[in-house]
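Visitor:
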Amino acid sequence: MPHEPSHPQTWLARAKSNLALAQVKPSADIFLEDLGYNAQQAAEKALKALCISRGIAFPKTHNLGLLLDLLQQQGEFLPSEVLRAVELTPFATALRYPGANPPITYDDYLDAIEVARGIVEWVEAHL
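Taking full-length UniProt numbering, the leading residue of the sequence shown gets 1, the next gets one more, and so forth.
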């Protein structure tokens with residue numbers, strides 16, 4: 001498999017890596033927000049893989065809503081489970097830093113994993 005940034009499979013492989021990291025067993029030394037960040041990164045890289053496969057240019061961004069908009073503007077149908085990506089953006093922004101927000105709950109973390117997994121699986125099936 002090519003490992004170049006212009007190849008969708010490279011981005012998808014990195015998305016899967018982030019998804020695996022997001023699913024590391026939480027412990028007292030591992031913040032749920034950090035695991036959630038990896039879930040966000042999985043979704044981001046999967047969406048960027050889809051953009052690349054469709055010839056859609058995208059800026060350097062953690063804004064998953066922007067990536068969804070770019071895909072939809074080019075006529076890409078995105079199911080509701082993929083549109084949930086916007087829920088993950090805060091993990092790469094406000095939740096990424098200490099003290100910016102109250103800590104997330106374990107249920108929030110599990111939901112982030114579910115959303116990210118759904119996006120990665122859908123993108124993989126549609127590349």
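Backbone N, C-alpha and C fix where the C-beta goes; we use that ideal spot for every residue, glycine too.
1. Using the C-alpha atoms, what's the distance from residue 86 back to residue 35?
2. Which residues mark the beginning and the end of the alpha helix (DSSP H) in which residue 126 is found?
3. Between the beta-carbon of residue 49 and the beta-carbon of residue 116, is there less than 8 angstroms?
4. Whole angstroms are fine: how far does the CA of residue 65 sit from the CA of residue 83?
5. Helix, strand or coil: how does DSSP classify residue 82 here?
Guide: According to the structure shown:
1. 17 angstroms
2. 106-126
3. no
4. 8 angstroms
5. helix
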